[in-house]
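Notes follow the structure.
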């Protein structure tokens, strides 16, 4: 008996061969598919040319909350953009065109950062004012993007839109006194 134990058997039990190349190929294919899917999702959701209104924060709070937030925005913009605190008459001077455009754009962007009220009626009121702000911002941008010198009528129209924006905010309880 001892003799049979010393002789190795013909069947050797070895672990199955590892399939590292196959495993790496499958993992690489999975990562490639996941990367392509991620790029497609990001491009379809974030890469579109949505307007600023489509990217506003979700509605929450009341009209009073919105007015308080916009009051803070007016105060901040008046401090950061001193041309906006100098009164409506400076908007009629073509020499101030770039500064007024930047100030109006900053004010519109700051107002967009404040969530609209949750109540639909209040949301409609605030949304109408925000829309006037968008129009004012677009009017100033059109004047600065144009190659021709703006006419006094164009400056007056853009200034009226800005004044209407500020007036509309004031009617809804915003203290936008620093910006006239």
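Residue numbers (the working numbering): 811 to 990.
Glycine included, C-beta positions come from ideal geometry on N, C-alpha and C.
Taking a contact as a CB-CB distance under 8 Å, the pair residue 881 and residue 976 does not count as one, their CB atoms being some 12 Å apart.
No Cβ-Cβ contact shorter than 8 Å links residue 946 with residue 916. Assignment of residue 972 by DSSP, reduced to helix, strand and coil, places it in the helix class. For residue 984, no alpha helix (DSSP H) encloses it, and the DSSP letter there is neither H nor E.
Taking 8 Å as the cut-off, the beta carbon of residue 982 is found no closer than this to the beta carbon of residue 940. Residue 913: member of the alpha helix (DSSP H) spanning 907–922, first to last residue. The beta carbons of residue 989 and residue 895 sit about 6 Å from each other, so the pair counts as a contact at 8 Å. Around the Cβ of residue 841, a 10 Å sphere holds fewer than 16 other Cβ atoms; the residue is exposed. In chain order, 925 place their CB closer than 7 Å to the CB of residue 868, counting only its own chain and leaving out the 5 sequence neighbours on each side.
In the DSSP annotation of this structure, the continuous segment of the alpha helix (DSSP H) that includes residue 930 starts and ends at 930–955. Counting along the chain, no alpha helix (DSSP H) covers residue 897, and no H or E run does either.
Secondary structure of residue 883 (DSSP, three-state): helix. Approximately 15 Å separates the beta-carbon atoms of residue 913 and residue 948; this is outside 8 Å, ruling out the contact. Of the candidates 966, 932 and 844, 966 places its Cα closest to the Cα of residue 906. Here residue 911 is near residue 950, since their CB atoms are less than 8 Å apart.
Taking a C-beta distance under 8 Å as the contact criterion, residue 960 and residue 953 qualify as a contact pair.
DSSP places residue 830 in the helix class (H, G or I) of the three-state scheme.
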